[in-house]
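Novice: First the structure, which I've put down as structure tokens, then a few questions once you've had a look.
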Amino acid sequence: MATLHTRSLAKAMMTPAVAVLLVWMVVPLVMTIWFSFQQYNLLYPERTGFAGFTNFEYFVTDFRFWAAISNTLVLVLGVLAITSVGGILLALLLDQPFRGQGIVRLLVLAPFFVMPTVSALVWKNMFMNPVNGLFGHLAKAFGYQGYDFLGQSPLFSIIIMVAWQWLPFATLILLTALQSLDREQIEASEMDGASALERFRYIILPHMTRALTVVILIQTIFLLSIYAEILVTTNGGPGTASLNLPFLVYLNSIVDNDVGIGAAGGVIAIILANIVAFFLMRAIGKNLEA
Amino acid sequence: MARSVSTTRSAITGLAAWTIGILIFFPILWIIILSFKSEGDAIGTPWHILTSHWTTEAYATVRSARTTSSTS
Numbered sequence: 001m002a003t004l005h006t007r008s009l010a011k012a013m014m015t016p017a018v019a020v021l022l023v024w025m026v027v028p029l030v031m032t033i034w035f036s037f038q039q040y041n042l043l044y045p046e047r048t049g050f051a052g053f054t055n056f057e058y059f060v061t062d063f064r065f066w067a068a069i070s071n072t073l074v075l076v077l078g079v080l081a082i083t084s085v086g087g088i089l090l091a092l093l094l095d096q097p098f099r100g101q102g103i104v105r106l107l108v109l110a111p112f113f114v115m116p117t118v119s120a121l122v123w124k125n126m127f128m129n130p131v132n133g134l135f136g137h138l139a140k141a142f143g144y145q146g147y148d149f150l151g152q153s154p155l156f157s158i159i160i161m162v163a164w165q166w167l168p169f170a171t172l173i174l175l176t177a178l179q180s181l182d183r184e185q186i187e188a189s190e191m192d193g194a195s196a197l198e199r200f201r202y203i204i205l206p207h208m209t210r211a212l213t214v215v216i217l218i219q220t221i222f223l224l225s226i227y228a229e230i231l232v233t234t235n236g237g238p239g240t241a242s243l244n245l246p247f248l249v250y251l252n253s254i255v256d257n258d259v260g261i262g263a264a265g266g267v268i269a270i271i272l273a274n275i276v277a278f279f280l281m282r283a284i285g286k287n288l289e290a
Numbered sequence: 291m292a293r294s295v296s297t298t299r300s301a302i303t304g305l306a307a308w309t310i311g312i313l314i315f316f317p318i319l320w321i322i323i324l325s326f327k328s329e330g331d332a333i334g335t336p337w338h339i340l341t342s343h344w345t346t347e348a349y350a351t352v353r354s355a356r357t358t359s360s361t362s
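Top line first, the protein sequences correspond to chains A and B.
Just so we're aligned, residue 1 is where the first sequence starts under our numbering, counting upward by one.
Just so we're aligned, residue 291 is where the second sequence starts under our numbering, counting upward by one.
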């Protein structure tokens, strides 16, 4: 019953919400772009005015820039690999009937509700500390020296922390996908003599692709902006070993007080995120249709 | 869950699932245990942590908003 009248009424009633969302989105974006072309250093308030592309030039020619880009990619891809493979395996396991299924699902889900800062502190001080951490004590019990995780392989340690946090999310989404799979299909394939591996490859995995797409997309969005774990544990170090793009923006705009360069970094991060999203959507977007 | 599964198989999957579940949950469990220990006991060996005196002094410190040392 959408007459012309009701349709214009609906538009009028939607306008406030759309306007608020638009302002919410556009104002910070425009301000970031505006600042990125300005000379704006909190330590030198007298230096103002249009800066052209010098902020961008400074950010891109920074010796930390390429390290930040590659670390961001390694971080995102590493966590994605661990969580999607681990999530599939865990979902398959938790889908089997066994005693205490609900409790185990709750246990597996729990890390997702721990704040990033807290989880980073727990991992840093209680587990990965070479002297006082649990891993250090275990190593000592077996006669080895404690391994300095955050000093020797900082990026790997951060991948472990973040993967621990995001594994429950992947497991949850994939488990719900698995539960919507028709049991009769499995039974039919069993009757036709399909082995467990074939069942997984040709029935279960195709059924899960859409859920897997959602997991990968959502995780990529959040993993590109990982920041708290790095700030709490390594501060981007040693050197540039665990520096990612958001953290480099933070270093420029907060630590070095240069809002202009930080904003330029933010714009570059937005562009890179859009490039990644474009390829991601093209590569797996066809799974979302149909 | 219409299909019946042999008891041995369900026992094996149950054991595996419980092991993995507890492993994944372990950091949270560990931090809960450590929250009931004094600062000196909390950095001891795991055996020392489990057997040392239980206390709520960490919670009292948080409640009185008196930070003894900065973390990080």
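Even glycine gets a Cβ: it sits at the ideal position worked out from N, Cα and C.
Within its chain, find whatever has a CB closer than 7 Å to the CB of A:SER242; leave out the 5 residues flanking it on each side and keep chain order.
Specialist: These residues qualify, in order along the chain: ASN71, PRO154, LEU155, ILE158, ILE230, THR234 and GLY236.
Novice: Does the Cβ of A:ILE270 have 16 or more other Cβ atoms within 10 Å, making it buried, or fewer, making it exposed?
Specialist: Looking at its Cβ environment, which holds fewer than 16 other Cβ atoms inside 10 Å, A:ILE270 is exposed.
Novice: Within 8 Å, do at least three Cβ pairs link the segment 260-277 of chain A to the segment 35-45 of chain A?
Specialist: Counting Cβ pairs under 8 Å, three or more are found: they touch.
Novice: Just grab the DSSP bridge partners of A:ASN41 for me.
Specialist: According to DSSP, A:ASN41 bridges with A:ASP258.
Novice: Quick one: grab the DSSP three-state call for A:PHE98.
Specialist: DSSP places A:PHE98 in coil when its eight states are reduced to three.
Novice: Would you call A:PRO168 buried or exposed, if buried means 16 or more other Cβ atoms sit within 10 Å of its Cβ?
Specialist: Buried, since its Cβ has 16 or more Cβ neighbours within 10 Å.
Novice: Counting only Cβ-Cβ distances shorter than 8 Å, please list the residues of the segment 307-318 of chain B near chain A, keeping chain order.
Specialist: So the close ones are ALA307, TRP308, ILE310, GLY311, ILE312, ILE314, PHE315, PRO317 and ILE318.
Novice: Closer than 8 Å is the cut-off here; do at least three beta carbon pairs connect the segment 296-308 of chain B with the segment 98-113 of chain A?
Specialist: The segment 296-308 of chain B vs the segment 98-113 of chain A: in contact.
Novice: Given this structure, state the Cα-to-Cα distance separating A:LEU217 from A:THR117, to the nearest angstrom.
Specialist: One C-alpha to the other measures close to 23 Å.
Novice: Are the segment 161-179 of chain A and the segment 85-95 of chain A touching by the rule of at least three beta carbon pairs closer than 8 Å?
Specialist: Touching, yes.
Novice: Among B:PHE316, B:ILE322 and B:SER300, which one has its Cα closest to the Cα of B:TYR375?
Specialist: Nothing can be reported for residue 375 of chain B, as the shown portion of chain B is limited to 291 through 362.
Novice: Just the C-alpha distance for A:LYS140 and A:TRP164, rounded to the nearest angstrom, thanks.
Specialist: Roughly 24 Å separates the two Cα atoms.
Novice: For A:VAL114, which residues from the same chain have a beta carbon less than 8 Å from its beta carbon, with the 5 sequence-adjacent residues on both sides left out?
Specialist: Same-chain partners within the cutoff: VAL122 and GLN165.
Novice: How is the alpha helix (DSSP H) around B:GLY311 delimited, first residue to last?
Specialist: Run containing B:GLY311: 297-325, per the alpha helix (DSSP H) assignment.
Novice: On the DSSP bridge list, what partners appear for A:PHE50?
Specialist: Paired residues: A:GLN38.
Novice: If you follow the alpha helix (DSSP H) that A:HIS207 is part of, which residue opens it and which one closes it?
Specialist: From DSSP, the alpha helix (DSSP H) with A:HIS207 extends over 205-223.
Novice: For A:MET115 and chain B, any beta-carbon pair shorter than 9 Å?
Specialist: No - not a single Cβ of chain B is within 9 Å of the one on A:MET115.
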